[in-house]
Amino acid sequence: MTDQFTSDPTKAAQRMRAGSMVIPLMPWGIAAVLLMVLPFIFTANSAITIMNQMAITIIFALAYNMLLGQGGMLSFGHAVYAGVGGFACVHIMNMDDFFAGIPLPVLPIFGGLMGMGLATIVGSFSTRKAGTVFAMISLGVGELIAACSVIIVAFFGGEEGISGDRTYGMPFFGVEFLQQIEVYYLITAWLLISAALMYLYSRTPLGRMANAVRDNPERAEFLGFSARWVRFFSFVASGFFAGVAGALFAVNYEILTEENLNTTQSGLILLATFLGGVGFFFGPILGAIVFTLVQTVLSLQTELWGFYLGIVFVVTVMFFPGGLAGLIMMHVPAMRLGKLGRLGIPYLKTLGAGAVGCLGGAALIEMTFHLRHASAGDHSMTLYWITFDSHTMLPWIVAIAVTLIGFGVARATAPALAEAWNDANTPDGTPR
Amino acid sequence: MDLILVNLIDGLVTGLLLFMLSAGLTLIFSMMGVLNFAHASFYMLGAYFAFQISLYIGFWMGLLIAPLVVGVLGAGVERYGLRRVHQYGHVPELIFTFGLALLIEEVVQFIWGKNQMPYATPEILQFTAFSIAGNSIPAYKIFMIFISIAIFIGLLYVLTRTRVGMIIQAALTYPKTVEALGHNVPLIFMGVFGVGTALAGVAGVIAGPVLGTFPGMAFVLGSIVFVTIVIGGLGSLWGALVASLLIGWITTFSKAYNLRMEDLLTWAGFTKPEPIWDSAWRDLWSITSPQIADILPYILMVLILIFRPYGLFGKRDA
Amino acid sequence: MSAALELDGLKKSFGQTEIIRGVDLSIGKGERHAIIGPNGAGKSTLFNLITGRFPQSDGAIRLHGQDLAGKAPFQINRMGLSRSFQITNIFPKMTVFENVRCSLLWSMGYRYNFWSMVGRSRALTNGADQILEQINLTARRDLPAGVLSYAEQRALEIGITIAGGADVIMLDEPTAGMSHSETDYIVDLIRTVTTGKTLVMVEHDMGVVFGLADQISVLVYGEIIATGTPEAVRANPKVQEAYLGEALEAH
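As they're listed, the protein sequences go chains A, B and C. Heads up: the first sequence begins at 1 in the working numbering, then just goes up one per residue. Heads up: the second sequence begins at 1001 in the working numbering, then just goes up one per residue. Heads up: the third sequence begins at 2001 in the working numbering, then just goes up one per residue.
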């Protein structure tokens, strides 16, 4: 689960060379066990809600990365495939007789098929080209379908959306999915299945060719593959898993609205996937986890979470195009040399100071925002558990000082970090 | 007949506004291969800056200064952001401008809040220019048409009659050759990006008072602008013009004339299912043209893509 | 000797300019055929016409007697014609091994298969390893192709080209930009890997051409002015006049 799509030079290949034909099962086993025990660690209802949301986002992000990371196709309208899958499932929930005949855990298959069907139609004309043209078409089609939600009321339910009740399905070994925890296990089961299938897909001839077409469509054509068909199949497969994610959303929340279809939703999944890293299979998983946490936890702390997210995203695109996963994998060479430990102290110095600087900067932003937008006469604000008057000088001086000192120290220690980095990535005994 | 004229004028205003955005977008795209997702955000910045300036020194100075500020910002984005991301390829560039669009919206909300700004047309233009069959045409609309046409004539002049324009035209097609001839292509790129965003800024300044100055304004217009240049054919200025006007008129007319799907279907020989509220087709029967006016551009785009994949004026390998 | 590739009155114009002005050529099975000519003679255009990158304006191209008109590159490839590129055209992010494996997929019948694992197929792995052996890149097997040296990338390019098992191999300036020793190495490589196949190549380096080809066609201003064995072409006064002259004397 940790090897690279773009085939990192060492790991994946070594395994293949050793003649081992086994898909590495360890990470999957760990993931399964972890998912099993998590609800016993985080027992609160809110925690389970967050974990459900996380699992759904992971599936969606992985499906999205089948396009972006594996196929090189940037979609600005992928939410519609998840959304339509979800809407279809709510409709199935509302078909009393039919729904009573199928157990709930089977429902995501219908959602997947629906997403896949829509992807087949749209993909037939949108996958002709990759790159910018594909991106624009995906945006247009996404907007079109999102706009249709207020017109085709019979299917999308207009502004208020449509809702259903998951418990009317056929009991599944006596489980009726009344409890949040039961839903959790349903979702995580689908998470494991979908993630495994998507991982395996990346190892099939078609999955490999998706990479080839992404990197060099012309060359791929001269190898006998139609770049367009390869893109089309990736698109359809991605539509299926997006539909599964949408169906699980329907199961979890029992309501779907226009918000599940619109461009904001599509943009968020792009954000999550890219932050996690598109170059590695586990990137989107990481991205979805972090993103959901930020979305749910940070948004409780500050109104400005979207602002911070925007900054982090732009900085990621500019300086760390590999995302979180890319940052982690950067350390593999040092780890292999057994010198990862030497980075610890320099990291602590520079990044610690940088983090302090960031917190100081965030404080300044929050205070400015409070100064500008708080209702007249409201001078008191609370930040980092400290309540103070935002209209006095002292907090400003403190915040500015913290910011400057934080970034200053980070900058001063940066050369040492660079030195340590070089050292950690050079085998011992090599003259430098 | 008179109503048609009124709608023609309204559609022209919308179309020219769209073109002011799509022209800059197309110029940037054909030169650098980058589709600037944040283009409409610069349009929004134009409106907000002009509003802020108009509070102190009036609308006209806003019209003059705001686009310049936006253009400088745009050039800065190219120089310090895009140029860096360029090395990773076109898709990361697109993602970068997408992130920028998000960030600009957040920044605007941070500075000005979520509410609409009381940005109004200047008093001197608050009169009726003339009326057609009882429909008054405000002077501001005529002013908008005048400004946009003036800008295009200026742009056309610069592109076709000046040395800089020649270099830009050449750099559009043969950036490498132009660079080999000793021209500073990165500087040209930065300039074109700046001018393109400044154009968007102008559009924002003059559209802000009529369409509203609020944080969502970039998004509302943005996706339509992208649809426009896809319909026109990516990278074609003429295509952008034709598509902008087409969309301007289509949306205006379908809003003005209440065509009902029911009439159309009856005319085509279908019978209305009874009772209609119970039929699966009820949404189809109840569609009216004003209701779908805003999604017509998208429908048009899908149709164009199916039948003319490279857009109206697009080259095969755009 | 029946023809592997036939060009019949082939023409191509770009706007007003006619680049290829009626080329007739028949390349026999198993032949090693070089197309030479001065710069701007239309060699690359001819190459791109045959491989389906550009549509022809007039005339016909036949591969084993089948017309190629209107066929997309991938269809032509499936009919048994494979090409290399003048500018190195590999998958730089994939490993060397994967580059070769990808080029085996179609011919080994995997097509758009999404139900079997590529890593599980011994035939695929062995096939790719054999090709790597042939092009002497076994030592580089697991490196990303993008980090190879230029000559190695060219060798990989040839490996990718032949891997699909096509019986007509077209090479576009396989030794462009190489040093002497590298050129010798690549020529040997081409000779071994194309044994028993039809080889068509465009090449500038006369040493390569005369060392490899058994038939040479000379293209000048979009027309073939001579075709024949290296000796015949070398002796042809028209060719000497039009293009070769000193270059041949020197050789």
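Every residue, glycine too, gets a C-beta built ideally from N, C-alpha and C.
Would you identify the three-state DSSP class for residue i, choosing helix, strand or coil?
i	result
S234 (chain A)	helix
D389 (chain A)	strand
H78 (chain A)	coil
K2011 (chain C)	strand
T330 (chain A)	Residue identity differs from the one stated: residue 330 (chain A) is Met in this sequence, not Thr. Three-state DSSP puts M330 (chain A) in coil, outside helix and strand.
F1130 (chain B)	strand
R2053 (chain C)	coil
H373 (chain A)	helix
L73 (chain A)	First, the amino acid is wrong: residue 73 (chain A) is Met here, not Leu. In this structure, M73 (chain A) counts as coil in the three-state DSSP scheme.
L1234 (chain B)	coil
D2129 (chain C)	helix
I2027 (chain C)	strand
A247 (chain A)	helix
L2063 (chain C)	strand
I137 (chain A)	helix
M21 (chain A)	Confidence at M21 (chain A) is low in this model, with a pLDDT of 42, below 50, so the placement of that residue is unreliable and no value is reported for it.
L2219 (chain C)	strand
Quick check: the Cα distance between residue i and residue j, rounded to an integer number of angstroms?
i	j	result
I2252 (chain C)	G2159 (chain C)	Not covered by the structure: residue 2252 (chain C). The range shown for chain C is 2001 to 2251.
G326 (chain A)	L62 (chain A)	16 Å
F172 (chain A)	V183 (chain A)	12 Å
G310 (chain A)	V1164 (chain B)	36 Å
E1105 (chain B)	F307 (chain A)	9 Å
N260 (chain A)	L74 (chain A)	19 Å
N2077 (chain C)	R228 (chain A)	15 Å
M21 (chain A)	L206 (chain A)	Reliability fails at M21 (chain A), whose pLDDT of 42 lies under 50, so the model's placement of it is uncertain and no value is given.
N1036 (chain B)	E159 (chain A)	31 Å
Q2130 (chain C)	S1236 (chain B)	49 Å
D2172 (chain C)	A2072 (chain C)	19 Å
M335 (chain A)	L2143 (chain C)	19 Å
R1084 (chain B)	V1091 (chain B)	13 Å
F2210 (chain C)	I2035 (chain C)	11 Å
G1074 (chain B)	T1097 (chain B)	11 Å
Y1043 (chain B)	G1113 (chain B)	17 Å
T442 (chain A)	G1071 (chain B)	Only positions 1 to 432 of chain A appear in this structure, which leaves residue 442 (chain A) out of reach.
I2186 (chain C)	V2208 (chain C)	9 Å
F1130 (chain B)	T1162 (chain B)	38 Å
S163 (chain A)	W1285 (chain B)	24 Å
P2237 (chain C)	T2229 (chain C)	14 Å
E2157 (chain C)	L1241 (chain B)	45 Å
E143 (chain A)	Y1088 (chain B)	28 Å
L2132 (chain C)	V213 (chain A)	22 Å
G140 (chain A)	R2120 (chain C)	41 Å
I1009 (chain B)	K1141 (chain B)	8 Å
R2062 (chain C)	L1312 (chain B)	35 Å
A2213 (chain C)	V2193 (chain C)	14 Å
G338 (chain A)	I269 (chain A)	36 Å
L1094 (chain B)	V1034 (chain B)	7 Å
Any Cβ of chain F within less than 8 Å of the Cβ of residue i?
i	result
P1309 (chain B)	Here chain F cannot be found, since the structure's protein chains are A, B and C.
Could you give the C-beta distance for residue i and residue j, rounded to a whole number, given that I count them as a contact under 8 Å?
i	j	result
Y954 (chain B)	F1051 (chain B)	Any property of residue 954 (chain B) remains undetermined from this structure, which presents chain B solely from 1001 to 1318.
M114 (chain A)	A237 (chain A)	14 Å between Cβ atoms; not a contact.
The segment 1246 to 1258 of chain B touching the segment 1008 to 1023 of chain B, judged by at least three CB pairs closer than 8 Å: yes
Complete runs of the alpha helix (DSSP H) confined to the segment 1268 to 1308 of chain B [at least 4 residues]: 1282 to 1286, 1289 to 1292 and 1296 to 1307
Those runs of the beta strand (DSSP E) which lie wholly inside the segment 2132 to 2201 of chain C and span at least 3 residues: 2168 to 2172
At least 3 beta-carbon pairs within less than 8 Å: the segment 401 to 410 of chain A vs the segment 369 to 384 of chain A: no
Alpha helix (DSSP H) segments (min. 4 residues) lying fully within the segment 181 to 243 of chain A: 205 to 215 and 217 to 221
The segment 111 to 129 of chain A in contact with the segment 1251 to 1269 of chain B per 3-pair CB rule at 8 Å: no
The segment 197 to 212 of chain A contacting the segment 2108 to 2115 of chain C, beta-carbon criterion three pairs below 8 Å: yes
Contiguous alpha helix (DSSP H) assignments of at least 4 residues, all confined to the segment 1003 to 1087 of chain B: 1039 to 1057 and 1059 to 1077
The segment 1062 to 1071 of chain B touching the segment 276 to 283 of chain A, judged by at least three CB pairs closer than 8 Å: no
Any 3 or more C-beta pairs closer than 8 Å across the segment 2035 to 2045 of chain C and the segment 183 to 197 of chain A: no
Touching by the beta-carbon criterion (3+ pairs, under 8 Å), the segment 413 to 420 of chain A and the segment 1223 to 1235 of chain B: no
Meets three-Cβ-pair contact criterion under 8 Å: the segment 214 to 227 of chain A and the segment 2086 to 2098 of chain C: yes
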